[in-house]
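Mapping of the sequence shown onto this note's numbering: residues 2 to 372, in sequence order.
For glycine and all other residues, C-beta sits at the position ideal for the given N, C-alpha and C.
Keep in mind the model is a prediction, meaning the values are calculated, not measured.
A short write-up of the structure that comes next.
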Amino acid sequence: METATAASEAAEVRVLLLSPSLGAVSGVATHANQLMASGSGRYEHFAVGSEGRPGETGFGQILRLVLSPFLLARALLRGGFPVVHINTSMNPKAFWRDAAYILVARLFGRGVLLQVHGGRLEPFLERCGRLAPLALAVLQRADRVVTITATEQAAHAARLKVPVVCIPNAVGVGDIGPGAREAGQPLQALFIGRLHRDKGLFEALEAIALLVERGEAIRLTLAGSGPEREALCRRIGEMRLEAVVRFVGPVAGEEKSALFRDADVLLLPSYHEGLPYAVLEALAAGLAVVATAVGGIPEAVGDGSEGRLVPAPPRPQQVAAALAELAGDRELLCRMQQAARRRACESYDASRMGERFAVLYREIVTQPEPS
Numbered sequence: 002m003e004t005a006t007a008a009s010e011a012a013e014v015r016v017l018l019l020s021p022s023l024g025a026v027s028g029v030a031t032h033a034n035q036l037m038a039s040g041s042g043r044y045e046h047f048a049v050g051s052e053g054r055p056g057e058t059g060f061g062q063i064l065r066l067v068l069s070p071f072l073l074a075r076a077l078l079r080g081g082f083p084v085v086h087i088n089t090s091m092n093p094k095a096f097w098r099d100a101a102y103i104l105v106a107r108l109f110g111r112g113v114l115l116q117v118h119g120g121r122l123e124p125f126l127e128r129c130g131r132l133a134p135l136a137l138a139v140l141q142r143a144d145r146v147v148t149i150t151a152t153e154q155a156a157h158a159a160r161l162k163v164p165v166v167c168i169p170n171a172v173g174v175g176d177i178g179p180g181a182r183e184a185g186q187p188l189q190a191l192f193i194g195r196l197h198r199d200k201g202l203f204e205a206l207e208a209i210a211l212l213v214e215r216g217e218a219i220r221l222t223l224a225g226s227g228p229e230r231e232a233l234c235r236r237i238g239e240m241r242l243e244a245v246v247r248f249v250g251p252v253a254g255e256e257k258s259a260l261f262r263d264a265d266v267l268l269l270p271s272y273h274e275g276l277p278y279a280v281l282e283a284l285a286a287g288l289a290v291v292a293t294a295v296g297g298i299p300e301a302v303g304d305g306s307e308g309r310l311v312p313a314p315p316r317p318q319q320v321a322a323a324l325a326e327l328a329g330d331r332e333l334l335c336r337m338q339q340a341a342r343r344r345a346c347e348s349y350d351a352s353r354m355g356e357r358f359a360v361l362y363r364e365i366v367t368q369p370e371p372s
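What follows is the structure, given as structure tokens:
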């Protein structure tokens with residue numbers, strides 16, 4: 002009852018939410034939209050970063066970076082906002098940009114919730130070199146640090162004196178339901194995300210080619226956009242995979258839901274991840290997951306229960322073996338799909354995520370002033 006009361010009161014807390022443009026195709030933008038729809042605070046959005054700004058020139062980007070701290074200060078003065086929720090990552094470009102926003106929020110006496118979406122703390126500090134103490138000092142300026150995986154929660158808690166909380170990404174589990182699976186049809190694999198080399202897409206194509214050579218019936222749909230689109234198209238042509246691999250471009254809404262309903266397996270052989278929304282949406286849709294055991298993926302997908310995990314960096318032979326197992330054992334595939342749906346409902350429901358953030362906002366605005 003106390004938690005419910007605190008969450009209800011926190012819904013009245015005014016929160017300035019910093020993230021990429023709400024229309025951007027990215028996990029952080031998806032998260033921001035989830036929060037704003039959750040009712041966990043009275044949100045106003047402040048766009049940061051280059052995602053969702055397709056027409057921005059190099060000069061425009063520099064101008065935006067210079068002006069954005071001043072625009073943030075103006076927003077704080079005009080809107081009040083006792084809490085500033087900043088979404089960042091352990092990526093030098095994003096982190097040091099967001100460090101300026103933390104300092105501006107502190108300068109105006111606002112509470113800061115800093116949410117870290119990707120990257121590992123210790124390797125980031127190593128890359129910082131002599132600036133590592135400064136990076137830790139910036140993190141210490143937050144009232145609460147939120148990570149999306151338990152592993153990173155432990156890493157941050159070992160370094161920081163401020164409270165560190167793990168709140169995984171979440172999805173609306175009622176938004177996407179499992180579709181009908183027809184026996185005897187080719188295994189339908191789906192990749193959804195940014196078309197980047199780090200997603201293991203070239204290894205995925207090698208795996209599909211191996212399966213086709215063995216006579217396995219499989220199809221792969223690639224949904225998204227990114228810098229490797231043309232290179233992937235060339236590689237598909239060189240490997241003569243046009244009949245089994247298709248691009249559908251960026252998707253959203255019902256088109257995205259239809260892709261999940263039509264698929265059997267989500268394929269995500271990434272080199273590194275945080276806790277990708279594609280995985281959570283796949284679990285909610287009742288898809289088995291074939292992915293690399295990186296970031297928070299092993300916390301969401303049990304190897305042998307909700308899907309198959311392979312080591313990173315991905316090797317085409319291992320990816321192919323995981324897909325072949327599910328193509329050849331439809332009873333196992335069905336059990337994994339059912340387990341995936343249960344996992345999403347039990348652990349990654351967006352309404353529960355919103356309640357947890359609501360409590361944190363309330364804690365920040367009611368904490369005593371430092372002496």
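Distance from the CA of P83 to the CA of E204, rounded to the nearest whole angstrom, comes to 47 Å. Taking 9 Å as the cut-off, the beta carbon of L333 is found no closer than this to the beta carbon of L188. Shown here, Q319 sits in a helix according to DSSP, grouped into three states. Under the three-state reduction of DSSP, A48 is assigned to strand. Look at the beta carbons and you see the region 218-227 touching the region 239-250: at least three pairs across the two are nearer than 8 Å. Here E256 is exposed: its Cβ has fewer than 16 other Cβ atoms, across all protein chains shown, within 10 Å.
Taking C-beta separations shorter than 6 Å and ignoring five residues to either side along the sequence, the partners of S41 in its chain run G355, F358 and A359, following chain order. Spatial neighbours of F109 in its own chain (CB-CB distance under 6 Å, excluding positions within 5 residues in sequence) are listed in chain order as L77. Shown here, N92 sits in coil according to DSSP, grouped into three states, outside any helix or strand. For I103, the closest of A138, D199, E123 and A351 by C-alpha to C-alpha distance is A138. Contact check for V302 and L288: beta-carbon distance about 11 Å, past the 8 Å limit, so the pair fails to qualify. Here the alpha carbons of E307 and T89 stand approximately 29 Å from one another. Around the beta-carbon of D330, fewer than 16 other beta-carbon atoms lie within 10 Å, marking it exposed. Between the C-alpha atoms of E13 and T150 there is a straight-line separation of about 28 Å.
Counted as a single uninterrupted DSSP element, the beta strand (DSSP E) harbouring V290 occupies residues A289 to T293. By the neighbour-count definition (other C-beta atoms within 10 Å, threshold 16), C346 is an exposed residue.
With 16 or more other Cβ atoms inside 10 Å of its own Cβ, L284 counts as buried.
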